[in-house]
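Enquirer: For reference, the structure I am asking about is given below.
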Amino acid sequence: MAGRAILLIVLVLTARSYGCTAAYVGDGGFSVEFIHRDSVKSPLHDRSLTLHDRVLAAVRRSTARPYAGGDPSGGVAEIVSTPYEYLMYVRVGTPPTRMLALADTGSNLVWFKCRNGTSISGAPPAAGGAPVSPVFDLSSSSSYGLVACRLPSCQAIYGTSCDANSFCQYQSSYGDGSTTSGILSTETFYFDDAPGGCVGCRERPQLHLSRVNFGCATKATGNTFQLAGYVGLGAGNGSLVNQIGALTSLGRRFAYCLAPFYVNVSSILDFGARATVTEPGAVTTPLIPSAMDAFYTILLTSVKIGSSTIAPPKPYPVIVDSGTTLTFLDKALLDPIVEEISRSIKLPRKQSPEKQLGLCYDVGVGGATQDWKKHFPEVTLEFGGGATITLQARNAFAELPVGTVCLAMAPVTDDRSVTIIGNIAQQNFRVGFDLDKGTVTFAAADCASSYPSPPASVSL
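Below, the structure written as structure tokens:
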């Protein structure tokens, strides 16, 4: 029966007062809340940290985030390490269990901690979090299924093998030593659509996606996995993006709009037609082949500071990544950028609070309330195909701690040889990824208002 299941996406809109009900099969897309891990909505939120402390903590996570490749021969797949910056809710199973997962554009695998009458090894969400389950109980779901070893969905994922019953089992290890392993499974996923998706309805719309392949993790070790699971949004096989494209008419496309760290609101994550970036000034650059299939890689052709243009000596691929805070560049490119920026800023230098940040300035006590942005230049990035975006001061620099503003760029190292456009650079840009067209599109936007506040009657 599972093999004959019709793969549909259905958006059901209900309202107690209006009886608003509709079925939807894919053209309009859907949107979900994209929660920063330090947000007050996150169970990882630390009330003792100031705004600047949280930015500094994100920078330190960024510098500790190594990358490594997967082993296509079927060995253990080593992917992105501990640091992650955004979370999203998923309801799993029938009836659905609400779970809060890490979400990352730098990896493919979707997995959740599972149990079948016994507990899984792993830390539960921190106290004070949303009312979600830390573990999915597969015995309570009528839609749970297993994936056979012979199926392409098993063979397409790194680190899979056959168990004694010829079902697909997986194992993944991460750069910090954390591991997850279990059985590749299928299940129904539900997503809460953004508030306001149903005109005249007071109930939150909900999207239903049948037979999603995911790792049912029976073991998860290390500090990485404090939440219920992991949603890979990467470009490779098995990612949520590719599965949505295969199971529905929505296509393989998504977009996000990252709200700045200094604004305490959620960001938004769009799929399908809603992921089309149509804001004024939108520019598009082609994706290029990547050393790792999960990565969204584009070509950086030049960097402009004021009237000076700095071009890398050879083709220069960079990853567009939501899970890395800083922008990482080779020293051969970063050093002349730093030199040019230094010439244009007339403020006193200051010792860096983090060794990876080499260029910091004293903007005075109370710099958070001062208009320090006027002292710092805009930085323009030119990508393949002639697309250019201008990084305002708050995209190229970060204040950490109060009164100290540092260039939010760092050199690549032996541990992390990957060049990256980080999430500080992407804040207040709508960034759209389209695997069907092979493009990434950028447009300046007010991301602080991108995720609408739900009406009071809606329970989050």
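FYI, the numbering for the sequence shown is -22 to -1, 1 to 438, going by mature numbering (1 follows the signal peptide of the UniProt record, and there is no 0). All C-beta atoms, glycine included, are put in the ideal place defined by N, C-alpha and C. Since the structure is predicted, the reported quantities are computational estimates derived from the model, not experimental observations.
#1: What does DSSP give as the partner residue(s) for TRP350 in the beta ladder?
#2: So what does GLN147 bridge to, in DSSP terms?
#3: Could you compute how far the alpha carbon of MET387 sits from the alpha carbon of SER118?
#4: Quick one, are the C-beta atoms of GLN405 and PRO238 less than 7 Å apart?
#5: Using the Cβ count rule (16 or more neighbours within 10 Å means buried), how would you classify LYS19?
#6: Applying the criterion that 16 or more other CB atoms from any shown protein chain within 10 Å of the CB defines a buried residue, is GLU317 buried or exposed?
#7: So, is PHE169 buried or exposed, given that buried needs 16 or more other C-beta atoms within 10 angstroms?
#8: Using CA coordinates, which residue listed in LYS282, ILE283 and LEU265 is at the minimum distance from THR275?
#9: Using 8 Å as the threshold, is the stretch 314 to 328 in touch with the stretch 75 to 92, meaning 3 or more CB pairs across them?
#10: Taking a contact to mean a Cβ-Cβ separation below 7 Å, would you say CYS194 touches CYS132 in this structure?
#11: Is the CB-CB distance between ALA421 and ASN373 below 7 Å?
#12: Could you have a look at CYS127 and say whether DSSP puts it in helix, strand or coil?
#13: Here's the rule: buried if 16 or more other CB atoms are within 10 angstroms of the residue's CB, otherwise exposed. What is GLY250?
#14: Return the chain-ordered list of same chain residues with a C-beta closer than 6 Å to the C-beta of VAL219, the five sequence neighbours on each side being excluded.
#15: Return the Cβ separation of CYS127 and ALA423 in integer angstroms, given the expectation that the two are a contact with Cβ distance under 8 Å.
#16: My output table needs one value for GLU356: the three-state DSSP class, helix, strand or coil.
#17: Counting pairs of beta carbons, one from the stretch 276 to 294 and one from the stretch 356 to 365, are three or more of them closer than 8 Å?
#18: Pick from HIS14, LEU34 and GLY6: whose alpha carbon is nearest that of VAL380?
#19: May I have the straight-line CA-CA distance separating GLY301 from GLN221, to the nearest angstrom?
#20: Please go through the same chain and pick out, in chain order, the residues whose beta-carbon is closer than 8 Å to the beta-carbon of VAL341, but skip the five residues on each side of it.
#21: Drop a sphere of 10 angstroms on the beta-carbon of CYS146, count the other beta-carbons inside from all chains shown, and report buried for 16 or more, exposed for fewer.
#22: Using the beta-carbon count (16 or more within 10 Å), is THR391 buried or exposed?
#23: Write down every uninterrupted run of the alpha helix (DSSP H) in the stretch 373 to 437 whose length is 4 residues or greater and which is fully enclosed by it, in chain order.
#24: Could you pull the start and end residues of the alpha helix (DSSP H) that GLU317 belongs to?
#25: Just mark ASP24 as buried or exposed, buried being the case when its beta carbon has 16 or more other beta carbons within 10 Å.
#26: Name, in chain order, the residues that DSSP records as bridge partners for ALA295.
#27: Going by the DSSP bridge assignment, what does HIS14 pair with across the sheet?
#28: Report the residue from THR158, ALA260, VAL409 and THR28 whose alpha carbon sits nearest the alpha carbon of THR199.
#29: Going by other Cβ atoms of all chains shown within 10 Å of its Cβ, with 16 needed for buried, is CYS338 buried or exposed?
#30: Can the beta-carbon of TYR429 be found closer than 7 Å to that of ILE246?
#31: With distances taken from CA atoms, which of GLU165, ALA142 and CYS140 is nearest SER71?
#32: DSSP three-state label for ALA198, please.
#33: Specify, as a first and last residue, the run of the alpha helix (DSSP H) that VAL219 falls within.
#34: Would you kindly report the start and end of the unbroken beta strand (DSSP E) that includes PRO326?
#35: DSSP beta-bridge partners for ALA81?
#36: Tell me which residues share the same chain as PHE114 and place their Cβ nearer than 6 Å to its Cβ, disregarding the 5 neighbours each side in the sequence.
Expert: Once the coordinates are examined:
#1: For TRP350, DSSP records no beta bridge to any residue.
#2: According to the DSSP secondary-structure assignment, GLN147 is paired through a beta bridge with SER139 and ILE161.
#3: Each residue's Cα considered, the two are about 47 Å apart.
#4: Result yes, Cβ atoms of GLN405 and PRO238 sit closer than 7 Å.
#5: It is buried - the Cβ of LYS19 has at least 16 other Cβ atoms within 10 Å.
#6: Its Cβ having fewer than 16 others within 10 Å, GLU317 is exposed.
#7: Result: buried.
#8: The alpha carbon of THR275 has as its nearest neighbour, out of LYS282, ILE283 and LEU265, the alpha carbon of LEU265.
#9: A contact is defined here as three or more CB-CB pairs under 8 Å, and the stretch 314 to 328 fails this definition with respect to the stretch 75 to 92.
#10: Result no, Cβ atoms of CYS194 and CYS132 do not sit closer than 7 Å.
#11: No, Cβ-Cβ distance for ALA421 and ASN373 is not below 7 Å.
#12: Three-state result, CYS127: coil.
#13: Burial state of GLY250 is buried, judged by a 10 Å Cβ sphere holding 16 or more other Cβ atoms.
#14: If we look at VAL219 and ignore the five residues flanking it on each side, its Cβ neighbours are LEU211, ARG230 and PHE232.
#15: About 45 Å; that fails the 8 Å criterion.
#16: Of the three classes helix, strand and coil, the one that applies to GLU356 here is coil, per DSSP.
#17: Result yes; three or more Cβ-Cβ pairs closer than 8 Å.
#18: Measuring from the Cα of VAL380, the nearest candidate turns out to be LEU34.
#19: If I take the Cα positions, the gap works out to 21 Å.
#20: Excluding sequence positions up to five before and after VAL341, its CB lies within less than 8 Å of the CB of LEU325, GLN348, TRP350, HIS353, GLU377, GLY381, THR382 and VAL383, all in the same chain and listed in chain order.
#21: That one is buried.
#22: Using a 10 angstroms sphere on the CB of THR391, the tally of other CB atoms stays under 16, which defines it as exposed.
#23: Runs of the alpha helix (DSSP H) inside the stretch 373 to 437: 401 to 404.
#24: Where GLU317 is concerned, the enclosing alpha helix (DSSP H) stretches over 309 to 322.
#25: Residue environment: ASP24 is assigned as exposed (fewer than 16 neighbouring CB atoms within 10 Å of its CB, all protein chains considered).
#26: Note that residue 295 is Pro in the sequence shown here, rather than Ala. Looking at the DSSP assignment, PRO295 forms a beta bridge with LEU277.
#27: TYR64, per the DSSP bridge assignment.
#28: Of THR158, ALA260, VAL409 and THR28, the smallest CA-CA separation from THR199 is found for THR158.
#29: By the 16-neighbour rule on beta-carbons within 10 angstroms, CYS338 is buried.
#30: In contact: TYR429 and ILE246 (Cβ atoms closer than 7 Å).
#31: First, the amino acid is wrong: residue 71 is Gly here, not Ser. Here the closest residue by C-alpha is GLU165.
#32: Of the three classes helix, strand and coil, the one that applies to ALA198 here is strand, per DSSP.
#33: Per DSSP, VAL219 belongs to the alpha helix (DSSP H) from 218 to 225.
#34: Taken as a continuous stretch (DSSP letters only), PRO326 belongs to no beta strand (DSSP E), as it is neither H nor E.
#35: For ALA81, which the question treats as bridged, DSSP gives the partners TYR64 and VAL209.
#36: Cβ within range, chain order: VAL70, THR75, PHE90 and CYS92.
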